[in-house]
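Note that the numbering used here has the sequence shown beginning at 21, numbered continuously upward.
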Amino acid sequence: MPAETAAPALPGAQPPGTFTPEQARQDIPILHRTVNGHPLVWLDNGATTQKPRQVIEALSAFYGAANSNIHRGAHTMAREATEMYEAGRAAVAAFLGAEAPESIVFVRGTTEAVNLVAQSWGRSNLGPGDDILVPVLEHHSNIVPWQMIAKETRARVVPIPLDADGQIDQKAYADLLSARTQLVAISQASNVLGTVPPVKEMTALAHRYGAKVLVDGAQAVAHFPVDVTDLGADFYAFSGHKLFAPTGIGALYAKPELLATMNPWQGGGNMIESVGFDRTTFAPPPHLLEAGTGHISGVVGLLAAINWLTSFDRNAIAAYEEALMTYAQQAMATVPGLDILGAAPDRIAVLTFTLAGHDPATIADWLDRDGIAIRAGHHCAQPALAHYGLEFAARASLALYNTSEEVDQLVASLRRLQQAG
Ligand code: PMP
């Protein structure tokens, strides 16, 4: 008889410790590869983050010894997989400061979370003449789903303007709020300007008008600690892949009293209590909103990523990233013809820039030859770029494992490009 393979232990949460970027780098295998003959300099963290071996090993352990569908099966493997999945839900709830694990719905990512809220909450709560306020700053995934549901319900999507620094114009916001406002959809950190708006204050103001607030945390969660209860957010969305976890998994937080009123948006297995051709009854939330087989290994990976990140001192990470951002801003300012977009005092480490005489795609291509990965394009935030009269820009986005030496390499390569003409 083959020896029984024991189920892998859940990747355990550790008490928060210290932080150095070197510690983080040691855990991330991909950062030690070369690209075009140079050590990789990964400055495309706004698009996706690299994965620690703890996450990679958790995925391998799951598929090597624990794979099963969840909930349905009355066998050991199904029970173990269910436990892991629900441990993941509890970890996400704790990570976000949510009231309970049941206030977390697993989704593919931020995009799916926003679409879920638009299709479920939006369809039942929006009507003709209602306003959805959306800052010009937003990622397309926090604009287009609102436009789609607004068209169906005859509500309006109203842009909240930006000031010259790329901050949300708070006076305009206060003026736009009214009894018609049903929802305010804001990102806690912008993927293109890095702006971190005063979400807590904006939420409190929206609540005075009875409006709900959805916070897009896609660019926030990896950079600073989040507490949805303190923010007062009604909905909070994030993507695992921007948090050192696999692609295809993310989470939506919804306030329990709101979640209890939400209708299903997709039908299928896992979200029902009983099905008959005369009558079908539904499971309670969060399962109500999780039709079909979930991304079980994704949740396992997300749990490992959260445990990895929270094993560091998160305030030390935020302080390090802030210092690195200041260093990068100063260093990049020395490159002739380089302009950084946005100047909000509160920002995550995102540097979107233009370089006189070079289009963004050429800049990205040049840097790639030196092993430096940045993003060029519209960054899925065309209205934000249009605010600066631009269609495209280059973007370097930093994470906890980036270093000042990498910033120096970026700056040196940009200088060479500028000299090459
Ligand atoms: N919102 C913001 C602010 C983002 O940066 C992104 C990803 N670039 C998204 C939403 C969408 O995330 P995803 O593609 O993982 O759903």
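Positions of the beta carbon are idealized from the N, C-alpha and C atoms, including for glycine.
Alpha-carbon spacing of Ser140 relative to Ser433, whole angstroms: As a working mapping, residue 140 is identified with position 120 in the sequence shown. As a working mapping, residue 433 is identified with position 413 in the sequence shown. When rounded, the distance between both Cα atoms is 48 Å.
Residue nearest to Ala242 in terms of C-alpha spacing, selected from Leu361, Ala348, Thr54, Ala325: Locating residue 242 in the sequence shown gives position 222, where the first residue counts as 1. Ala242 has its Cα closest to that of Ala325, out of Leu361, Ala348, Thr54, Ala325.
Residues bridged to Leu358 (per DSSP): Position 338 of the sequence shown, counted from the first residue, corresponds to residue 358. Paired residue(s): Leu375.
Heavy atom of the ligand PMP within 7 Å of Asp236 beta-carbon: By 1-based counting over the sequence shown, the position of residue 236 is 216. Yes.
Residue range of the alpha helix (DSSP H) that includes Gly397: In the sequence shown, counting from the first residue as 1, residue 397 sits at position 377. No alpha helix (DSSP H) contains Gly397, which is instead part of the beta strand (DSSP E) from 395-397.
Own chain partners of Phe258 with C-beta closer than 7 Å, once the 5 adjacent residues on each side are dropped: As a position in the sequence shown, residue 258 is number 238, starting the count at 1. Excluding residues within five positions, the ones whose Cβ falls inside 7 Å are Thr130, Gly237, Ala238, Val241, Gly270, Ala271.
Cβ-Cβ distance between Ile383 and Leu418 below 8 Å: One-based indexing of the sequence shown puts residue 383 at position 363. One-based indexing of the sequence shown puts residue 418 at position 398. Not closer than 8 Å, so no.
Touching by the beta-carbon criterion (3+ pairs, under 8 Å), the segment 84-94 and the segment 56-70: no
N-terminal and C-terminal residue of the alpha helix (DSSP H) that Gln429 is part of: Residue mapping note: residue 429 aligns to position 409 of the sequence shown, counting from 1. Run containing Gln429: 424-440, per the alpha helix (DSSP H) assignment.
For Lys232, the three-state DSSP class (helix, strand or coil): One-based indexing of the sequence shown puts residue 232 at position 212. DSSP places Lys232 in strand when its eight states are reduced to three.
Alpha-carbon spacing of Ala86 relative to Leu323, whole angstroms: In the sequence shown, residue 86 corresponds to position 66, counting from 1. In the sequence shown, residue 323 corresponds to position 303, counting from 1. For Ala86 and Leu323, the distance between alpha carbons rounds to 15 Å.
Ser424 to Arg395 span [Cα, whole Å]: As a working note, residue 424 is residue 404 in the sequence shown. As a working note, residue 395 is residue 375 in the sequence shown. Cα to Cα, Ser424 sits roughly 19 Å from Arg395.
Gly129 CB to nearest heavy atom of the ligand PMP below 7 Å: The sequence position of residue 129 within the sequence shown is 109, counting from 1. Under cutoff, so the answer is yes.
contact_flag[the segment 327-335, the segment 172-186] where n(CB pairs < 8 Å) is 3 or more: no
Option nearest Tyr256 by Cα separation, candidates Ala265, Val134, Phe264: The sequence position of residue 256 within the sequence shown is 236, counting from 1. Of Ala265, Val134, Phe264, the residue nearest in Cα terms is Val134.
C-alpha distance - Val295 paired with Gln286, whole-angstrom precision: Here the question's residue 295 lines up with position 275 in the sequence shown. Here the question's residue 286 lines up with position 266 in the sequence shown. The straight-line gap from Cα to Cα measures roughly 15 Å.
Three-way DSSP call (helix, strand, coil) for Phe332 in this model: Reading the sequence shown from its first residue, position 312 is the one you call residue 332. Phe332 falls in the coil class under three-state DSSP.
At least 3 beta-carbon pairs within less than 8 Å: the segment 142-155 vs the segment 185-205: yes
Where Ala413 falls, given that 16 or more other Cβ within 10 Å makes a residue buried: What you label residue 413 is simply residue 393 of the sequence shown in a count that begins at 1. Result: buried.
The ligand PLP heavy atom lying under 7 Å from the CB of Gln239: In the structure on display, the ligand PLP does not appear, and the ligands it does have are the ligand PMP.
Inter-residue CB distance, Ser210 and Leu251 (contact presumed, cutoff 8 Å): Residue numbering aside, residue 210 sits at position 190 when the sequence shown is read from its first letter. Residue numbering aside, residue 251 sits at position 231 when the sequence shown is read from its first letter. Contact doesn't hold; Cβ gap of about 16 Å is too wide.
Bridge partners - Leu182, DSSP secondary structure assignment: Counting from 1 along the sequence shown, the entry for residue 182 is found at position 162. Paired residue(s): Ile188.
The segment 225-235 contacting the segment 104-118, beta-carbon criterion three pairs below 8 Å: no
C-alpha gap between Ala351 and Val370, whole angstroms: Stepping through the sequence shown from its first residue, residue 351 is reached at position 331. Stepping through the sequence shown from its first residue, residue 370 is reached at position 350. The alpha-carbon atoms of Ala351 and Val370 are separated by roughly 14 Å.
Within 8 Å, strictly: CB atoms of Asn124 and Val154: Your numbering for residue 124 matches position 104 in the sequence shown. Your numbering for residue 154 matches position 134 in the sequence shown. The sequence given here has Ile at residue 124, not Asn. In this structure, Val154 does not lie closer than 8 Å to Ile124 by Cβ.
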